[in-house]
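The structure under discussion appears below in the form of structure tokens.
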Amino acid sequence: MKFIHISDIYLGAEPDKGKEWSEQRAKELYETFDRVIQLCIDEKINLLMIAGNLFNSQPTVEDLEKLDETLLRLEGTRTVILGGFRDYISPGCAMETYKFRSKTVVLPGGRTANAYLKGINTCVTGYSYDRPVVENDVISEISPGREDAVNILLACGGDSQHMPFDRKKLARKGFAYAALGGNRKPVHILKDRMAYCGSPEPLSPADTGKHGIIIGEVKDGKTTINWMPFSKRNYVTFNIDVSYNISGEQLSDAIVDRVRKLGFDNIYTISYTGLVDSKLSIDLKRIKDRYNIYDIIDNTVPMSDLENMEAEHTGDLAGAFCRATRELPDISNELKEKMTMYGLEAMARTGER
Numbered sequence: 001m002k003f004i005h006i007s008d009i010y011l012g013a014e015p016d017k018g019k020e021w022s023e024q025r026a027k028e029l030y031e032t033f034d035r036v037i038q039l040c041i042d043e044k045i046n047l048l049m050i051a052g053n054l055f056n057s058q059p060t061v062e063d064l065e066k067l068d069e070t071l072l073r074l075e076g077t078r079t080v081i082l083g084g085f086r087d088y089i090s091p092g093c094a095m096e097t098y099k100f101r102s103k104t105v106v107l108p109g110g111r112t113a114n115a116y117l118k119g120i121n122t123c124v125t126g127y128s129y130d131r132p133v134v135e136n137d138v139i140s141e142i143s144p145g146r147e148d149a150v151n152i153l154l155a156c157g158g159d160s161q162h163m164p165f166d167r168k169k170l171a172r173k174g175f176a177y178a179a180l181g182g183n184r185k186p187v188h189i190l191k192d193r194m195a196y197c198g199s200p201e202p203l204s205p206a207d208t209g210k211h212g213i214i215i216g217e218v219k220d221g222k223t224t225i226n227w228m229p230f231s232k233r234n235y236v237t238f239n240i241d242v243s244y245n246i247s248g249e250q251l252s253d254a255i256v257d258r259v260r261k262l263g264f265d266n267i268y269t270i271s272y273t274g275l276v277d278s279k280l281s282i283d284l285k286r287i288k289d290r291y292n293i294y295d296i297i298d299n300t301v302p303m304s305d306l307e308n309m310e311a312e313h314t315g316d317l318a319g320a321f322c323r324a325t326r327e328l329p330d331i332s333n334e335l336k337e338k339m340t341m342y343g344l345e346a347m348a349r350t351g352e353r
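The numbers in this note's numbering rise by one with no breaks, and the one at position 339 of the sequence shown is 339.
Pasting the structure below:
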């Protein structure tokens with residue numbers, strides 16, 4: 001039995017709202033979901049599991065009609081959907097009442113439920129949200145639903161407000177696989193047996209790293225899974241050291257060069273640090289017009305700040321740090337300057353300064 005495990009697609013969301021690329025990113029969420037469907041067809045997948053937060057919020061009937069039309073392409077694939085804390089299934093909502101024409105099962109909200117798929121002898125068990133916050137441990141109490149079948153758990157959550165659970169207890173339950181959602185970053189908890197697939201597309205600058213989906217198979221009682229990168233774009237953060245009398249134009253060129261190497265489709269948060277004679281003048285418009293720049297952060301420390309810091313900051317952390325560094329014995333002034341600079345940069349980044 002071959003399966004694909006996805007979660008946290010957030011259809012209907014508009015990532016980075018207000019940015020030039022926001023509208024395009026909203027479309028790309030749907031495009032990525034369409035690519036998942038095509039992969040199911042190409043790989044002859046038996047089961048597509050959606051472990052919560054398919055939608056950014058409770059879907060409308062129109063949303064579900066569009067989804068159903070897409071899922072109708074899956075002639076040989078069954079789909080099981082779990083309601084997450086974003087698209088929870090409350091009494092009377094569209095997700096509860098909609099009748100799918102496609103081979104789709106939605107696990108009902110507010111209780112543990114099973115979906116037994118006879119053709120592939122697989123029982124998918126899960127607990128859909130019926131409200132956005134569920135603080136009790138529901139997941140650890142769920143047991144396999146059918147003795148003579150491949151038992152898979154579909155669950156969403158893990159933090160204090162979203163069904164916290166005991167991973168060790170869950171691992172002892174005996175599921176062939178626990179397909180987890182509610183965490184936008186992938187986490188492989190128990191080899192081939194329990195994993196968060198993460199969101200197939202990153203949704204904010206906090207979602208750094210690669211994003212993708214899980215493809216798995218249960219064969220002769222053994223489960224194997226593989227995580228596959230799938231996102232069109234990634235959020236990337238990098239820093240440039242400008243300590244060596246670099247000009248604003250040189251900094252701009254360095255940013256452009258790094259972006260070219262890392263990829264034009266990605267969305268960037270860039271910082272620059274170092275000890276400088278004066279604040280650098282950068283043509284931010286030129287860079288932001290050409291590339292997807294979420295933010296450029298100046299964490300430099302002017303020499304004038306360094307020289308006056310101790311006097312200007314008597315009684316606070318920055319002043320105490322400068323004084324302690326200055327009084328260090330047997331260390332050159334050059335090294336003291338570097339130590340002070342690095343310390344002040346760290347304070348600037350954390351807001352302690």
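From the three backbone atoms N, C-alpha and C, an ideal C-beta is built for every residue, glycine too.
Small disclaimer: the values here were computed from a predicted structure and weren't measured.
- [ ] Note down the Cα distance separating G174 from V133, rounded to an integer number of angstroms.
- [x] As a position in the sequence shown, residue 174 is number 174, starting the count at 1. As a position in the sequence shown, residue 133 is number 133, starting the count at 1. Taking the straight line joining both Cα atoms gives about 27 Å.
Open item on the list: Using a 10 Å radius around the Cβ and a threshold of 16 neighbouring Cβ atoms, would you call R290 buried or exposed?
Closed with: Sequence index remark: in the sequence shown, residue 290 carries index 290 (1-based). Looking at its Cβ environment, which holds fewer than 16 other Cβ atoms inside 10 Å, R290 is exposed.
- [ ] Can you tell me the Cβ-Cβ gap for D130 and P164, rounded? I've got them flagged as a contact below 8 Å.
- [x] Here residue 130 is taken as the residue at index 130 of the sequence shown, counted from 1. Here residue 164 is taken as the residue at index 164 of the sequence shown, counted from 1. Contact flag wrong, Cβ pair sits at about 17 Å.
Task: Touch test, the region 35–54 against the region 249–264, Cβ-Cβ under 8 Å, three pairs minimum - done: no
Task: Same chain only: Cβ atoms within 6 Å of E28, ignoring 5 sequence neighbours per side - done: As a working mapping, residue 28 is identified with position 28 in the sequence shown. Taken in chain order, the residues that qualify are K232.
Task: Reduced DSSP category for C197 - H, G, I as helix; E, B as strand; rest coil - done: For the purposes of this step, residue 197 is taken as residue 197 along the sequence shown, with counting starting at 1. Residue state, collapsed to three classes: coil.
- [ ] Only counting runs of 4 or more residues, tell me where the alpha helix (DSSP H) segments fall wholly within the region 245–278, in order along the chain.
- [x] 248–262
TODO: Measure the CB-CB distance between R8 and R167 and report whether it falls below 8 Å.
DONE: Reading the sequence shown from its first residue, position 8 is the one you call residue 8. Reading the sequence shown from its first residue, position 167 is the one you call residue 167. Note that residue 8 is Asp in the sequence shown, not Arg. Cβ atoms of D8 and R167: not closer than 8 Å.
Open item on the list: According to DSSP, K219 sits in a beta bridge with which residue or residues?
Closed with: For the purposes of this step, residue 219 is identified with residue 219 of the sequence shown, where counting begins at 1. According to DSSP, which records beta bridges pairwise, K219 is partnered with K222.
Open item on the list: Assuming K285 is part of the alpha helix (DSSP H), what are its boundary residues?
Closed with: As a working note, residue 285 is residue 285 in the sequence shown. Taken as a continuous stretch (DSSP letters only), the alpha helix (DSSP H) holding K285 covers 284–290.
Open item on the list: When you compare the CB positions of S140 and L107, do they come within less than 8 Å of one another, or not?
Closed with: For the purposes of this step, residue 140 is taken as the residue at position 140 of the sequence shown. For the purposes of this step, residue 107 is taken as the residue at position 107 of the sequence shown. Not closer than 8 Å, so no.
Open item on the list: Between V36, R86, S102, A94, which has its C-alpha nearest D68's C-alpha?
Closed with: Start at 1 with the first residue of the sequence shown, and residue 68 comes out as number 68. Comparing Cα-Cα distances from D68 to each of V36, R86, S102, A94, the minimum goes to S102.
TODO: Give a yes or no on whether the C-beta atoms belonging to R78 and L54 are separated by under 8 Å.
DONE: Working through the sequence shown from its first residue, we reach residue 78 at position 78. Working through the sequence shown from its first residue, we reach residue 54 at position 54. No; because the gap between Cβ atoms is not below 8 Å, this pair is not in contact.
- [ ] Verify the contact flag: A26, CB atom, against every heavy atom of the ligand ZN, threshold strictly below 7 Å.
- [x] Ligands are entirely absent from the displayed structure, and the ligand ZN is therefore not among its contents.
Task: Where the alpha helix (DSSP H) containing V134 begins and where it ends - done: Here residue 134 refers to the residue found at position 134 when the sequence shown is read from its first residue. From DSSP, V134 is part of no alpha helix (DSSP H); its letter is neither H nor E.
Task: Span separating the alpha-carbon of T314 from that of A320 - done: To locate residue 314, count along the sequence shown from 1; it is residue 314. To locate residue 320, count along the sequence shown from 1; it is residue 320. Those two C-alpha atoms are separated by around 7 Å.
TODO: Sort out for me which residues DSSP pairs S102 with in a bridge.
DONE: Along the sequence shown, read from residue 1 onward, the residue named residue 102 stands at position 102. Per DSSP, none; premise fails for S102.
Open item on the list: If I follow the unbroken beta strand (DSSP E) through Y88, where does it start and stop?
Closed with: Counting from one through the sequence shown, the residue named residue 88 turns up at place 88. Looking at the DSSP string, Y88 is not in any beta strand (DSSP E), and its letter there is neither H nor E.
Open item on the list: Taking 8 Å as the threshold (C-beta atoms), are S22 and E31 in contact?
Closed with: Reading the sequence shown from its first residue, position 31 is the one you call residue 31. Reading the sequence shown from its first residue, position 22 is the one you call residue 22. Not a contact, by the Cβ cut-off of 8 Å.
Open item on the list: With H, G and I counted as helix, E and B as strand and the rest as coil, what does DSSP make of V242?
Closed with: As a first step, residue 242 is located in the sequence shown; it is residue number 242 there, counting from the start. Reduced to three states, the DSSP call for V242 is coil.
Task: Spatially closest choice to G216 from L64, A206, L203, M194, by CA coordinates - done: In the sequence shown, counting from the first residue as 1, residue 216 sits at position 216. Looking at the Cα atoms, M194 is the closest of the given residues.
Task: Proximity winner among K99, A176, D283, relative to N121 (alpha-carbon distances) - done: Within the sequence shown, numbered from 1, the residue matching residue 121 stands at position 121. Closest by alpha carbon: A176.
TODO: Counting only runs of 4+ residues fully inside the region 149–194, write out the alpha helix (DSSP H) ranges in chain order.
DONE: 167–171
Open item on the list: How far does the alpha helix (DSSP H) with K118 in it extend, from its first residue to its last?
Closed with: Along the sequence shown, one-based indexing puts residue 118 at 118. First-last for K118: undefined, no H or E at that position.
TODO: Assuming T269 contacts P205 (C-beta within less than 8 Å), just tell me the rounded distance between them.
DONE: The count along the sequence shown starts at 1 and reaches residue 269 at position 269. The count along the sequence shown starts at 1 and reaches residue 205 at position 205. Contact flag correct, Cβ pair sits at about 5 Å.
Open item on the list: What residue range does the beta strand (DSSP E) around I297 cover?
Closed with: One-based indexing of the sequence shown puts residue 297 at position 297. 293–302 is the span of the beta strand (DSSP E), which, as asked, contains I297.
TODO: Going by CA-CA distance only, name the one from I37, I287, I41 that's closest to I50.
DONE: Translated into the one-based positions of the sequence shown, residue 50 becomes position 50. Selected option, being the one with the closest Cα: I37.
Open item on the list: Suppose you measure from the CA of M228 to the CA of Y342; what does that come to, to the nearest Å?
Closed with: If you number the sequence shown from 1, residue 228 lands on position 228. If you number the sequence shown from 1, residue 342 lands on position 342. Each residue's Cα considered, the two are about 38 Å apart.
- [ ] Go through its chain and collect everything with a Cβ distance to D241's Cβ below 7 Å, but skip five positions before and after it.
- [x] Indexing the sequence shown from 1 puts residue 241 at position 241. So the list reads T273, G274, once near-sequence residues are dropped.
Open item on the list: Whole angstroms are fine: how far does the CA of D330 sit from the CA of N234?
Closed with: Counting from one through the sequence shown, the residue named residue 234 turns up at place 234. Counting from one through the sequence shown, the residue named residue 330 turns up at place 330. Answer to the nearest angstrom: the Cα atoms are 46 Å apart.
Open item on the list: Determine whether the beta carbon atoms of H162 and F85 lie at a separation below 8 Å.
Closed with: One-based indexing of the sequence shown puts residue 162 at position 162. One-based indexing of the sequence shown puts residue 85 at position 85. Yes. Within cutoff.
- [ ] Look at the alpha carbon of A149 and the alpha carbon of G119, and state the distance between them as a whole number of angstroms.
- [x] To locate residue 149, count along the sequence shown from 1; it is residue 149. To locate residue 119, count along the sequence shown from 1; it is residue 119. Their backbone Cα atoms lie some 11 Å apart in a straight line.
Task: Given T112 as reference, the closest of D87, L82, T60 once Cα atoms are compared - done: Counting from one through the sequence shown, the residue named residue 112 turns up at place 112. Answer by Cα proximity: L82.
Open item on the list: My output table needs one value for I81: the three-state DSSP class, helix, strand or coil.
Closed with: Along the sequence shown, one-based indexing puts residue 81 at 81. Looking at I81 - three-state DSSP - the assignment turns out to be strand.
Open item on the list: Restricting to Cα atoms, I'd like to know which of L39, T300, T223, S332 is closest to S243.
Closed with: Position 243 of the sequence shown, counting from 1, holds the residue named residue 243. Checking every option, the nearest Cα to that of S243 belongs to T300.
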